[in-house]
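In my numbering, the protein residues as written are 536 to 888. So the structure is just underneath, and the comments pick up after that.
Below, the structure is given as structure tokens:
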């Protein structure tokens, strides 16, 4: 499939989920929050209003075409299909139809939903999310001032209501198949306070999620001033919050995308770097769709797309030369990219425009 994909992107390597095929349920930067660390760039619409921003039929038709093409090439299915994209996926009122359609097209592949949890205050949204295999809500701070600064949410949001919605979902799905993975992302000097740690620790003990993932910035976000916390802070928060998770292993640096790309069971790449023109075109199209939603390194892209690193580097160079992508640099000793790109740890690529 060499034509551009609008709603299907990846697979990308996820430290939490493995090789994840993404579905963009918004098609634009529409969200209920404007987080300073968001990898999708500047927001265009801040809203809590639900509608079929991208109708289910369009998303599922593209997914079905992608799956036919994958099967014809004999490539392995993704580990998971993740509903997310360029904004908050629960804003799409076709969410339950999309989940059912994914199960029909890719039977046996788990469905995950990434959410900022802002709409989990709505019982209807919670009922729809319960159809997924995994729900990954984020809650970055229970301190109101920090919540406002890091998430920059719609005026109708406050952290206590968001927390109550997550707790209600956990109660309503108790004994069911849906796993709950809570994510907390720390920004240096913003939500890494002792007060927030205390409040989130109590919340996690009440919630008893299947897992708690404490992370920090590893890719360029919306705001250049947003910086990652240090390793010691990250380790402390993981130790304090991780004890509430039911699964023993938490996502750490060893489970980030770059390191995951090095695991032989995940990185079934073709050797040689001499892909024919048709394959190079497909790789280039897949890369552009992927980096339009999430900045990634060459190594991350190679592992996720099951492509040779040299073919990916050629495709990236061509996209940069054509003005369709750009190289951006972050760097620093805590950057997890260095596990994948020791010679150029700070080199990420994102789509231009």
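Using N, Cα and C, we set each Cβ at its ideal position, and we do this for glycine too. On a predicted model such as this, the values are computed, not experimentally measured, just so you know.
Closest by C-alpha distance to residue 736, when choosing among 719, 579, 724, 723: 719
Extent of the continuous alpha helix (DSSP H) run through residue 631: 630-640
Stretch-stretch touch, CB-based, cutoff 8 Å, three pairs: the region 649-667 with the region 614-628: yes
Residues near residue 827 in its chain [Cβ-Cβ closer than 6 Å; skip 5 each side]: 886
CB-CB length for residue 558 against residue 543, believed under 8 Å: 6 Å
Whole-angstrom distance between residue 676 and residue 666, CA atom to CA atom: 27 Å
For residue 627, the residue or residues it bridges with in DSSP: 586
For residue 619, the three-state DSSP class (helix, strand or coil): strand
Three-state class that DSSP yields for residue 596 in the structure shown: helix
Rounded straight-line distance, which links the Cα of residue 586 to that of residue 633: 13 Å
C-beta atoms of residue 661 and residue 707 nearer than 8 Å: yes
Within 8 Å, strictly: CB atoms of residue 552 and residue 637: no
C-alpha distance - residue 859 paired with residue 740, whole-angstrom precision: 46 Å
Counterpart residues of residue 884 in DSSP-defined beta bridges: 831, 862
Cβ neighbours of residue 645 in the same chain (closer than 6 Å, five flanking residues each side left out): 615, 668
Through-space distance from residue 673 to residue 695, alpha-carbon basis: 13 Å
Those runs of the beta strand (DSSP E) which lie wholly inside the region 538-577 and span at least 3 residues: 543-549, 553-559
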